[in-house]
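Accompanying notes for the structure given below.
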Amino acid sequence: MYEHSFFKACCMKQICNGCNLAAQKRGMLDCLFCRTPIPDDDADALAMIQTRVAKRDPEAIFFLGQHYFYGGQLGLHNDMQKAVELYKEALELGSVEA
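So in numbering that gives the first Met the number 0, spot 78 of the sequence shown is number 77, and the numbers just go up one at a time.
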């Protein structure tokens, strides 16, 4: 499933690559779900994710945990302890994937 879709940092929705391509062909360049402009760089994307984490969104917390677990994206380094803390928080808030 993940090879044919991707997460949007603005609303934590998973979007199918085909749906995204169809929307772009129609001139829709913003998020398909929330209409937020696409972030310009990793710092903007990370800020969007951290905003949702601050609001205690379990999907955003799990998503950020994934980035700490694997490292190398959004300017984050591999940090297992931080990843586990985020996974636990996401689980407590009801994330199915955590």
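C-beta: ideal position from N, C-alpha, C; glycine also.
How many Å lie between residue i and residue j at the Cα?
i: ARG51; j: LEU92; result: 13 Å
i: ALA46; j: LYS7; result: 13 Å
i: ARG25; j: MET79; result: 42 Å
i: PHE5; j: GLU88; result: 23 Å
i: SER94; j: GLN23; result: 30 Å
i: ASN19; j: ILE48; result: 20 Å
i: ILE37; j: LYS12; result: 13 Å
Using 10 angstroms around the beta-carbon of residue i, count the other beta-carbons present and answer buried if the total reaches 16, otherwise exposed.
i: CYS30; result: buried
i: LEU64; result: First, the residue type needs correcting, since residue 64 is Gly and not Leu in the sequence shown. The residue in question, GLY64, is buried, as its Cβ has 16 or more Cβ neighbours within 10 Å.
i: TYR67; result: buried
i: LEU28; result: exposed
i: ALA21; result: exposed
I believe residue i touches residue j by the beta-carbon criterion, under 8 Å. Please report the beta-carbon distance rounded to the nearest angstrom.
i: GLU84; j: PHE61; result: Between PHE61 and GLU84 the Cβ distance is about 12 Å, and since that is not below 8 Å, they are no contact.
i: CYS10; j: CYS33; result: 4 Å
Kindly identify the DSSP beta-bridge partner or partners of residue i.
i: GLN105; result: Outside the shown range of the chain (0 to 97) lies residue 105, about which nothing can therefore be said.
i: SER4; result: CYS15
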